[in-house]
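Quick note on the numbering used here: the sequence shown kicks off at 7 and runs consecutively.
Glycine included, every Cβ here is placed at the ideal spot set by N, Cα and C.
Written out below as structure tokens is the structure these notes cover.
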Amino acid sequence: HLLAACLSNRAQCILDMADGKGRLPDGTPFRKQFAIPEHFDQFRRQAVQQAEETADKACAVQASGPHLVRLGLARMLAAELKASGPTGWLHMDESLATMQDAARCFARARRSGAREAAEGKFREAKEWLADKGVNTVFPDYV
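Structure follows, in structure tokens:
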């Protein structure tokens, strides 16, 4: 239980950094250290990948509601980042599959004691998918 909590908290910390939250030791907002927006975008992609891996490990140890929410958040942000930008259309199938997986994480979290935290994100993921013409959280082959 403790290992899963530590991994899950680490994933949340990484997600917060990917969102540009927090401050440096000198009080400067975290995001300000990136003078070029593309550098922050690259950092975000790497941070989201690391957060997803860490949250996945937390769920492997103990798949409880809060850990599933963090895994869903990491996958949701990963899908949004893949789909954005000038080359987003190249990764659309992968983005859709990742967002569907995020929605399934939120659905499972709702049944695992994190109903309030997961409900809004589940709706948000379904709306994102609907905007892309996808009306299910399951892959086509299921």
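Return the chain-ordered list of same chain residues with a C-beta closer than 6 Å to the C-beta of residue i, the five sequence neighbours on each side being excluded.
{"i": "residue 37", "result": "26"}
{"i": "residue 61", "result": "17, 76, 77 and 80"}
{"i": "residue 4", "result": "Only positions 7 to 148 of the chain appear in the structure, and residue 4 is not among them; the question remains open."}
Using CA atoms only, rank isn't needed, just tell me which of the options is closest to residue i.
{"i": "residue 59", "options": "125, 132, 109 and 16", "result": "16"}
{"i": "residue 83", "options": "105, 14, 138 and 111", "result": "105"}
{"i": "residue 10", "options": "74, 93 and 98", "result": "74"}
{"i": "residue 137", "options": "98, 91 and 33", "result": "98"}
{"i": "residue 111", "options": "96, 102, 101 and 128", "result": "128"}
{"i": "residue 57", "options": "42, 14 and 86", "result": "14"}
{"i": "residue 139", "options": "47, 101, 123 and 117", "result": "101"}
{"i": "residue 89", "options": "23, 135, 19 and 29", "result": "135"}
First and last residue of the alpha helix (DSSP H) that includes residue i?
{"i": "residue 127", "result": "121-137"}
{"i": "residue 156", "result": "Given a span of 7 to 148 for the chain in the structure shown, any question on residue 156 remains unanswerable."}
{"i": "residue 118", "result": "Neither: residue 118 is in no alpha helix (DSSP H) and is coded neither H nor E."}
{"i": "residue 22", "result": "8-24"}
Once the 5 residues before and after residue i are set aside, which same chain residues still bring their CB inside 7 Å of it?
{"i": "residue 131", "result": "82, 105, 108, 109 and 112"}
{"i": "residue 2", "result": "Lying outside 7 to 148, the shown extent of the chain, residue 2 is not represented and no answer is given."}
{"i": "residue 119", "result": "70 and 71"}
Can you give, in chain order, each stretch of the alpha helix (DSSP H) that sits fully within the region 27-86 and has at least 4 residues? 43-67
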